[in-house]
Amino acid sequence: MNVEPGRTIVLWCPDWPIRAVCRDLGLDADTPIALIDHGLVFACSAAARASGVMRGLKLREAQLRCPELAVHEYDVELDVRVFEPVVRQVEQTVPGVQVVRPGTLAMRARGPARYYGSESAAASALLATLEALGLEGSGVGIADGPFAAEQAARAARAARAAKPSAAARGADGGADMGARVEIVEPGASAAFIAPLPVALVTDQRTCTLLNRLGVRTLGEFAALPEADVRRRFGAAGAFAHDRAAGREQARVLARTPPPEFEVEQHFEPPLDRIDQLAFAFRVGAEGFIQRMRDVRLVCTGLRVEIDDERGGRSSRSWLHPRWFTPADVIDRVRWQLQGAGMADAGLASPIVRLRVIPERIDSTGNHEEGLWGGGPDERVHHGLTRVQSMLGHDAVVTASVGGGRMLADRQVLVPWGDRPPERGAGREGDAPWPGSLPALAPASVFRERRPVALLDARGADVAIDARGVISAVPERFAVGGATSGGPARRTDGFGARPVRAWAGPWPVVERWWDPAAAKRVHRFQIVDDDGCAWLLVRDGDGWWAEARYD
Amino acid sequence: MTAPLPDAAPRAPRAARVEELQARIRGMQSTRLETKAVPTHPAFADVLPGGTLREGTIVQVEGSMTLLMALLAGPSADGRWAAVVGMPEFGVEAAARFGIALERLALVPDPGDQWLAVAAALADVIPVVAVRPVGQVSPAEASRLQARLRQRGTTLLVAGAWPGSDARLGVSASQWHGIERGHGHLVDREAVVEVAGRGEFVRRAGSRLRLPGRSLEFAAVPVERLPAAPSFGGAAPAAPSSALSLRRRARANPALGLVGEARRRAG
């Protein structure tokens, strides 16, 4: 049973990943740029392609061919996110759009063709829409079925590059615009795609096999008897054969535009106090959450964008360990404004616009409370959130042990609710760190090292020479700048007390290849006459207490 | 009050019997409700009355972060949450190695002058909260918080002064092993943990603990080894008599409690 494939329009933005990155990072698309996925080039800009970079190359090879190549990691989420406004805009022009992949849109041709008068007029309208979004150089193909239409769209682009007017058939849009439209007449799709390589419809293995059998183009593949293809290559082969012969079964499955959840609020006159803003946004936040709740969704991550009067913008993503309530949303806005500042301080510049965009949405079904309420962790979460709203987002932290030699590097503190740092970044605490301390870790690790004095019997500073030899045996020890809770005891006139036992120096030399981050210190363990043990560090500036074993 | 005992009975069982009877009297006279025990590290079996911390009590822990971690380790290993307020120097790595589950540990390093409100908010939901007070706590605030702790069954460990705390724990002397003059490294420590406090706490003082031991564990030092240990700090010659003499001094002058003295010395 063969269904007549419907006329389909495909809109294709070439090099979409590159465009997305350029838009997001503000790069110049005319410079050589490559996106890397798993060590291989995933996409590259036209300038890079001119230097010989192509998809599938290794990163080293690509950099060899084009030394000035700017390399970025490929981010599929970014691709989709940047494409979303384009899709929305195209939906304004032609409803019922299917996103084939970011950068490629398919839609049925019949409706737009009737509305705009002809297929070429519809294509011109689409191109004009993209042009208005700043996406020049896109191609439109119209043919029977999405596959043929996509090939037509690519052909339109290629034809324009090669012979600017030969393939132009869209007469209405003028010479330039027409050059980017390829309309394949109804029934001519099979002939149109016949010269294309067979690799477009099959996977690598089948393609190699077909090539060895002497079948190189889609036309030659389509000429094979259908029953034989099915027998030899199975269902996948039969599907590919249908495509090659222009008998595509696929239809455009228009997406349902996702409901709009984001809220935006303008403030006129601009607000210059955080509490005012929080109060003004309360209704907005409740509406934001309520709209999601109405369709049984919860928001677990959102982005807050704040514009101030001077044109500054702050944008930040916030995660939530459970899901956002209106109060949580307002808290996030408040924390973002506070930054490092005080709770009720005035703002540097009045706020004119506030926008909250949901980034992670989940079904309420996954977050339903148990029949007997949540577990104890839920209560803990509420308590910690309450403290966070008192003191700020960064005030409540959870800890993990990271990697490093210095003790401060080994403590990784993450604000409650944020994602802990990923493992595999080469900073694991359980990895061997040659030169780190033995298993007994100090119970008190000073956030800021305290200056100390380590003196020999004559009262002179103990020094360490370039070979790591101490100048004299340490005999006395004094802590300076003692803060609250310190056990520093002033015993005699100098505030120094005897050293009972000591060990060291243990050199720690880190990152000597990087002058900015290089570190060369010597560590000492000493026990004072109180029985309290200290971990001391000697660097170029003198002696410091890094930690205390108490 | 006590039944007359035969003279032939050895002294030690008699003392034990007196102790037991006195405990029964205290139990009958007690006007306080029985509180639930908090799972505590077994090293404290001989240190704390009943070997455990109690829910709803306030315990001062002075002069030693390791001692505080040892008290947190028991409840944390039992699956409870713990919170540490106002101690930016709390060593996370040491805590993890001493058996505190970091995934159930919340830290509020800089609560500023809101530390009491933060501690109260956390005490509502987290069963063991350690806090370092900043400045003076008024008795009214303290008793309000204490009522809340009793209601919630939360144990508050205070690293500092607290009016009307139930008990005070402190390290009065400690000795490190493994390190000499110029070689070795810190391996383990024997510490004398002094306990003072209200009610049954008065009876116990001066226990030797490994804080921590050779393989980062906490344990009580076996009694046989007691006399051999010299002590730093110059206060006490040997442990049993030191405990006794200190206890006497503490009784003679309650303001000069053992822990109080340790604190004074600490500065």
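Protein sequences appear in the order of chains A and B. Under the working numbering, residues 1 to 550 are what the first sequence spells out, in order. Under the working numbering, residues 1 to 267 are what the second sequence spells out, in order. Yeah, the Cβ is synthetic: ideal placement off N, Cα and C, and Gly gets one too. Remember, it's a predicted structure, so these values are computed and weren't measured experimentally.
Length of the line joining the Cα atoms of residue 229 of chain B and residue 444 of chain A
Low confidence applies to residue 229 of chain B: its pLDDT is 43, below 50, so where it sits in the model is not reliable enough to give any reading.
Please classify residue 550 of chain A: is it buried, with 16 or more other beta-carbons within 10 angstroms of its beta-carbon, or exposed?
buried
Endpoints, alpha helix (DSSP H) assigned at residue 174 of chain B:
Residue 174 of chain B -> not in any alpha helix (DSSP H); beta strand (DSSP E) instead, spanning 167-179.
Cβ separation of residue 320 of chain A and residue 331 of chain A, assumed to be a contact under 8 Å, to the nearest whole Å:
Between residue 331 of chain A and residue 320 of chain A the Cβ distance is about 10 Å, and since that is not below 8 Å, they are no contact.
Listing by chain order, which chain A residues have their CB less than 8 Å from the CB of residue 64 of chain B?
443 and 550
Per DSSP, which residues does residue 107 of chain A bridge with? Please list them.
A:9 and A:97
Within chain B, partners of residue 533 of chain A - CB distance below 8 Å
176, 179, 186 and 189
With distance defined between alpha-carbon atoms, name the residue in A:393, A:509 and A:225 nearest to residue 435 of chain A.
A:509
For residue 179 of chain B, which residues of its own chain have a beta-carbon under 8 Å away from its beta-carbon, when the five flanking residues on both sides are left out?
185, 186 and 187
Is residue 90 of chain B helix, strand or coil when you go by DSSP?
strand
Tell me whether the region 65-72 of chain A and the region 104-124 of chain A touch, counting them as touching only if at least three CB pairs, one residue from each stretch, are closer than 8 Å.
no
Spatial distance of residue 73 of chain A from residue 130 of chain B (CA atoms):
44 Å
Supposed contact pair residue 90 of chain A and residue 126 of chain A - C-beta distance, whole angstroms, cut 8 Å
7 Å
Going by DSSP, what residue range makes up the beta strand (DSSP E) through residue 51 of chain B?
Counting along the chain, residue 51 of chain B falls outside any beta strand (DSSP E), and DSSP gives it neither H nor E.
Compute the distance between the beta-carbons of residue 207 of chain A and residue 199 of chain A, then report whether it is under 8 Å.
yes
Hey, does residue 60 of chain B have any beta-carbon neighbour from chain A nearer than 8 Å?
no
Cβ contact (3+ pairs, closer than 8 Å) linking the region 142-157 of chain B and the region 49-63 of chain B:
yes
In chain order, what residues of the same chain have a beta carbon less than 7 Å from the beta carbon of residue 571 of chain A, not counting five sequence neighbours either side?
Nothing can be reported for residue 571 of chain A: it is not among the residues displayed for chain A, which extend from 1 to 550.
Can you confirm whether residue 386 of chain A, when its beta carbon is compared against all beta carbons of chain B, has any partner nearer than 8 Å?
yes
Locate the alpha helix (DSSP H) running through residue 141 of chain B, then write down its first and last residues.
139-152
Limits of the alpha helix (DSSP H) - the one that residue 233 of chain A falls within
226-244
Tell me the start and end of each unbroken beta strand (DSSP E) in the region 405-470 of chain A that is at least 3 residues and wholly inside, in chain order.
411-415 and 444-455
Which residues in the same chain have their Cβ closer than 8 Å to the Cβ of residue 323 of chain A, if we skip the five residues on either side of it in sequence?
298, 299, 300, 362 and 367
Could you tell me whether the Cβ atoms of residue 158 of chain B and residue 61 of chain B are closer together than 8 Å?
yes
Quick one: is residue 41 of chain B near chain A, going by C-beta distance under 8 Å?
no
If you compare alpha carbons, which of A:39, A:359, A:51 and A:266 is closest to residue 32 of chain A?
A:51
What would DSSP say about residue 290 of chain A, mapped onto helix, strand or coil?
helix
Spatial distance of residue 93 of chain B from residue 100 of chain B (CA atoms)
10 Å
Using a Cβ-Cβ cut-off of less than 9 Å, give me the residues of the region 89-120 of chain B that come near chain A, in sequence order.
89, 90, 91, 92, 93, 94, 95, 96, 97, 98, 102, 103, 104, 105, 106, 107, 108, 109, 110, 111, 112, 114, 117 and 118
Taking one C-beta from the region 106-126 of chain B and one from the region 380-399 of chain A each time, how about it: are there three or more such pairs within less than 8 Å?
yes
So with CB distances below 9 Å, who are the chain A contacts of residue 75 of chain B?
Ordered by position in chain A, no residue passes the 9 Å Cβ test against residue 75 of chain B, which lies about 13 Å from the chain.
Candidates B:170, B:136 and B:110: which alpha carbon is nearest residue 394 of chain A's?
B:110
Which listed residue (A:16, A:128, A:502 and A:357) has its alpha carbon closest to that of residue 287 of chain A:
A:357
Endpoints, the alpha helix (DSSP H) within which residue 336 of chain A is located:
326-338
Measuring straight from C-alpha to C-alpha, what distance separates residue 95 of chain B and residue 80 of chain B?
15 Å
Test: residue 450 of chain A CB closer than 8 Å to a CB of chain B:
no
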